[in-house]
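Participant:
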Amino acid sequence: MRRVLLSLILCAQSASMSAASGLAIFHTASFGSSRSVSLSLAEGGPARDRAFDFDVVITLSEFDGGGTVLYRDGGRHQASVRCVAPAMVRINSADYVIDLSTRPGTDWKHDLWAALCTAPVS
């Protein structure tokens, strides 16, 4: 049941963010005051592999200090996310175990996991 609810939340979030012509940013890294790189969820849904909860597509954008897009990566980077222990993100065929004690903003894989797996459910 939780998986179905999380899938609905992800789809609704993706649809509302796309409608606002922005993507669902889940991680931003700043490089001084003049540049930042943001990772966003472009698409998502239930995972094809039953060992995972979500399959998502990640995009990358670079911004100047004023928020103007300097670069938008045309690639579509696929990832799979498992919410339950052991929490994990799979990129290509590499599995990365998520350290749940990591502070938000320090590791993009943790932030991806948190964006999908800690969404409030009512």
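So the sequence shown is residues -19 to -1, 1 to 103, counted in mature numbering (1 follows the signal peptide of the UniProt record, and there is no 0). Quick reminder that beta carbons are idealized off the backbone N, C-alpha and C, glycines included.
(1) Which of helix, strand or coil does DSSP assign to Asp34?
(2) Are Ser21 and Ala10 touching if we call contact CB-CB under 8 Å?
(3) Which residues does DSSP list as the beta-bridge partners of Leu81?
(4) Just the C-alpha distance for Met69 and Phe33, rounded to the nearest angstrom, thanks.
(5) Here's a check: name, in chain order, each residue in its chain whose Cβ is nearer than 8 Å to the Cβ of Pro85, leaving out the five neighbours to either side.
(6) Leaving out five residues before and five after Ala60 in sequence, what residues of the same chain have Cβ atoms less than 7 Å from its Cβ?
(7) What separation, rounded to the nearest whole angstrom, lies between the Cα atoms of Val18 and Arg31?
(8) Kindly give me the distance between the Cβ atoms of Ser15 and Gly46, rounded to whole angstroms, as I take these residues to be in contact under 8 Å.
(9) Out of Glu43, Ala23, Gly56, which one is the CA nearest neighbour of residue 164?
Facilitator: This is what the structure holds:
(1) Under the three-state reduction of DSSP output, Asp34 falls in the coil class, being neither helix nor strand.
(2) In this structure, the beta-carbon distance from Ser21 to Ala10 does not fall below 8 Å.
(3) Under DSSP, Leu81 takes part in no beta bridge, so it has no partner.
(4) In this structure, the straight-line span from the alpha carbon of Met69 to that of Phe33 is close to 8 Å.
(5) Non-local beta-carbon contacts of Pro85 in its own chain, meaning distances under 8 Å to residues more than five positions away in sequence, involve His91, Asp92, Ala95 in chain order.
(6) So the qualifying residues of the chain are Val37, Ile39, Val70, Arg71, Ile72, Leu93.
(7) Their backbone Cα atoms lie some 32 Å apart in a straight line.
(8) Right, the Cβ-Cβ distance comes to about 5 Å (below 8 Å), so this counts as a contact.
(9) Summary: the structure shown does not reach residue 164, with the chain confined to residues -19 through 103, and so no result is reported for it.
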